[in-house]
Amino acid sequence: HRRSLAAFGYGPKTLARILRLQRALELIRTGLPYAEAACAAGCTDQAHLAREMRDLAGTTLGAYFGAAAANSETPHPSGSRTTA
């Protein structure tokens, strides 16, 4: 525990939670559904992943990926129009 705390700033359990969340987020970015990404990353189910996201990142999966999508610049073809 002491070595983990000194090396990473977290205890081993917290570090494992962070790494599991990062893995799930990577899988979701590749297009895997939330529930499948949760199980593949080691969470028991999608609700477990949602709780980890809220506890560790302070936001929801939907808000996180909604903000990421809003911040990405998707080019529009020349002459195209977008409506809101």
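Just remember that our numbering sits 2 ahead of the position in the sequence shown, which is counted from 1.
Ideal Cβ positions, reconstructed from N, Cα and C, are used throughout, including at glycine.
Compute the distance between the beta-carbons of residue i and residue j, then report whether it is under 8 Å.
i: Tyr36; j: Leu58; result: no
i: Ala49; j: Arg25; result: no
i: Glu54; j: Cys41; result: no
i: Ala18; j: Leu29; result: no
i: His3; j: Gly11; result: no
Name the residue from the options whose alpha carbon lies nearest to the alpha carbon of residue i.
i: Gly68; options: Asp47, Glu38, Leu23, Arg31; result: Arg31
i: Ile20; options: Gly64, Ala65, Gly60; result: Gly60
i: Ala65; options: Ala9, Leu34, Leu27; result: Leu27
i: Arg56; options: Leu23, Asp47, Gly33; result: Leu23
Label residue i either buried or exposed according to how many other C-beta atoms from any shown protein chain fall within 10 Å of its C-beta, with 16 as the threshold for buried.
i: Ala86; result: Interpretation of Ala86 is limited by its pLDDT of 48, a score under 50 that renders its predicted location unreliable; no figure is taken from the coordinates.
i: Leu7; result: exposed
Residue ranges of each alpha helix (DSSP H) within the segment 16–61, 4 or longer: Within the segment 16–61, the runs of alpha helix (DSSP H) at least 4 residues long that lie entirely inside it are, in chain order, 36–43, 48–59.
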